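Q: For the sequence shown, our numbering assigns the number 1054 to the initial residue and increments by one for each residue that follows.
For each residue, glycine too, the CB sits at the ideal point set by N, CA and C.
All values derive from a computational prediction rather than experimental measurement.
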Amino acid sequence: MKKIYVQIIFLLILFTSTFFILSSRWSEQVDYRSIAHIFSLITFERWDNEGAQHFYYAPVVNYNNPIDMFVDIYPRVFDNKGNNYYLSHPPGSFLLSYSIIKSFHLPIDQVSLQKILFIYFVFSIIGIAILLNILFSKKIIPILVGIFVYTFHPLILYSFTFYHFAETIGLVFFIWILVFHLLVRKNPNNKLYVFLHNIFLFIFLLIDWVAFIYAIFYIIYSFKKKNRKDALLIIILTIIAYAIIFIQYSSIDGVQPFMHHIWLRYIDRIGIFSSIFKNNGFGVLLSEILRLIF
């Protein structure tokens, strides 16, 4: 019991100190290099002004001016009006934060994004604390050190202040998925833990493609443990999540442009670039890969 009180006091001190540190950086002025916040705010403004349903509930990254239509420096997907869509991530992080903004009647500005990020940050710290307690149940020092290192890591502080995007929000869900995964391992008959694990994983799948890696891991793990029922459930949830995204994003300009865009982004992220990358796309990139392999 004493260890719990120590951790609660420690967490309260962390929450207070990080609030003062991060809130001192909150600003309505968006830095021109902050692409994540620029994309988020443009999306939320257009959803709010014209209705998210008119944009297929997908992130749109251009203003509603004639000169801004069909314009981009990178191959993306456009609708028939020339709106430019950001489809490199699932839409979950945008939809979740926009729902918070609307629910609490927050203005659409950077400060609102930063307040929302701070709430995500608090939940992530609590998740880390629970995770470390499960892993080091009788060792208070490793728990406190782990919480401190996570909380004050420069990348974490920056992300939860200036990077409202899928990776940051997805991290929160990933932490809690690990928490529920370990709780399920310790309490396999607890249906609440199983339910929460699966719900958080489903939402994570709708936020970040990285969730697919965890889903594959969990499916293999479940089959290895001869828990076929859990494996099949995760397979079904993964298929449903990606079917939703596929139908949603393909509705913008068809299946081929969406798949072409995703393929280009994949090649981009794994570091295969060439001078002909932007012009010829799909076929050229496929031949580039085959050339690297063979």
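Any beta carbon from chain C within less than 9 Å of Q1106's own beta carbon?
A: Absence of chain C from the displayed structure is noted, only one protein chain being present.
Q: If you follow the alpha helix (DSSP H) that N1251 is part of, which residue opens it and which one closes it?
A: On the sequence shown, residue 1251 is found 198 positions in, with the first residue counted as 1. Its alpha helix (DSSP H) spans residues 1244 to 1258.
Q: Taking just the CA atoms, how far does I1088 sit from F1223?
A: Position 170 of the sequence shown, counted from the start, is the residue given in the question as residue 1223. Position 35 of the sequence shown, counted from the start, is the residue given in the question as residue 1088. In the sequence under discussion, the amino acid at residue 1223 is Gly, which differs from the Phe named in the question. In a straight line, the C-alpha of G1223 is about 18 Å away from that of I1088.
Q: By Cβ distance, which residues of its chain are closer than 7 Å to L1149, with the 5 residues on each side in sequence left out?
A: Working through the sequence shown from its first residue, we reach residue 1149 at position 96. Correct list, in chain order: I1222.
Q: Helix, strand or coil for N1117 per DSSP?
A: The sequence position of residue 1117 within the sequence shown is 64, counting from 1. Three-state DSSP puts N1117 in coil, outside helix and strand.
Q: What span of residues does the alpha helix (DSSP H) with R1086 cover, start to end?
A: Numbered from 1 along the sequence shown, position 33 holds the residue referred to as residue 1086. Neither: R1086 is in no alpha helix (DSSP H) and is coded neither H nor E.
Q: Can you give the Cα-Cα distance for Y1295 and L1259, rounded to whole angstroms?
A: Residue mapping note: residue 1295 aligns to position 242 of the sequence shown, counting from 1. Residue mapping note: residue 1259 aligns to position 206 of the sequence shown, counting from 1. Distance between the alpha carbons of Y1295 and L1259 is about 8 Å.
Q: Restricting to runs no shorter than 4 residues, where is the alpha helix (DSSP H) found entirely within the stretch 1140 to 1226?
A: Runs of the alpha helix (DSSP H) inside the stretch 1140 to 1226: 1145 to 1156, 1163 to 1188, 1193 to 1204, 1207 to 1215.
Q: Under a three-way DSSP split, which group does V1263 fall into?
A: The residue labelled residue 1263 in the question sits at position 210 within the sequence shown. If DSSP states are grouped into helix, strand and coil, V1263 belongs with coil.
Q: Quick check on this structure: which residue in Y1203, H1313, N1243 has the alpha carbon closest to the alpha carbon of L1064?
A: Position 11 of the sequence shown, counted from the start, is the residue given in the question as residue 1064. When only C-alpha atoms are compared, the closest one is Y1203.
Q: Determine which residues share a DSSP beta bridge with N1137 and list them.
A: For this step, residue 1137 is matched to residue 84 along the sequence shown. N1137 pairs with F1131.
Q: Taking Cβ positions, are H1234 and Y1271 nearer each other than 9 Å?
A: Within the sequence shown, residue 1234 is the residue found at index 181, counting from 1. Within the sequence shown, residue 1271 is the residue found at index 218, counting from 1. Their beta carbons are under 9 Å apart, which means H1234 touches Y1271 by this criterion.
Q: Determine the closest residue to L1290 out of F1171, N1251, M1122, with distance taken between C-alpha atoms.
A: The sequence position of residue 1290 within the sequence shown is 237, counting from 1. Taking only the C-alpha atoms, the option nearest L1290 is N1251.
Q: Starting from the Cα of P1144, find the closest Cα among L1317, Q1106, F1068, T1071 and give me that residue.
A: The residue given as residue 1144 occupies position 91 in the sequence shown. Cα-wise, what sits closest to P1144 is Q1106.
Q: Got a sec? Which residues, its chain only, sit under 8 Å from I1228 by beta carbon, not counting five neighbours each side?
A: One-based indexing of the sequence shown puts residue 1228 at position 175. Once the five neighbours on either side are set aside, the close Cβ partners of I1228 are S1177, G1180, I1181, L1184.
Q: Verify whether the separation of the beta carbon atoms of Q1301 and L1197 is less than 9 Å.
A: Residue mapping note: residue 1301 aligns to position 248 of the sequence shown, counting from 1. Residue mapping note: residue 1197 aligns to position 144 of the sequence shown, counting from 1. Their beta carbons are not under 9 Å apart, which means Q1301 does not touch L1197 by this criterion.
Q: What residues in its chain sit with their C-beta under 6 Å from that of F1147, if we drop five residues either side in the sequence?
A: Reading the sequence shown from its first residue, position 94 is the one you call residue 1147. Excluding residues within five positions, the ones whose Cβ falls inside 6 Å are T1096, P1112.
Q: Could you round the C-beta distance between F1171 and F1213 to whole angstroms and report it? I think they count as a contact, below 8 Å.
A: Working through the sequence shown from its first residue, we reach residue 1171 at position 118. Working through the sequence shown from its first residue, we reach residue 1213 at position 160. That belief holds up - the Cβ atoms of F1171 and F1213 are roughly 7 Å apart, short of 8 Å.
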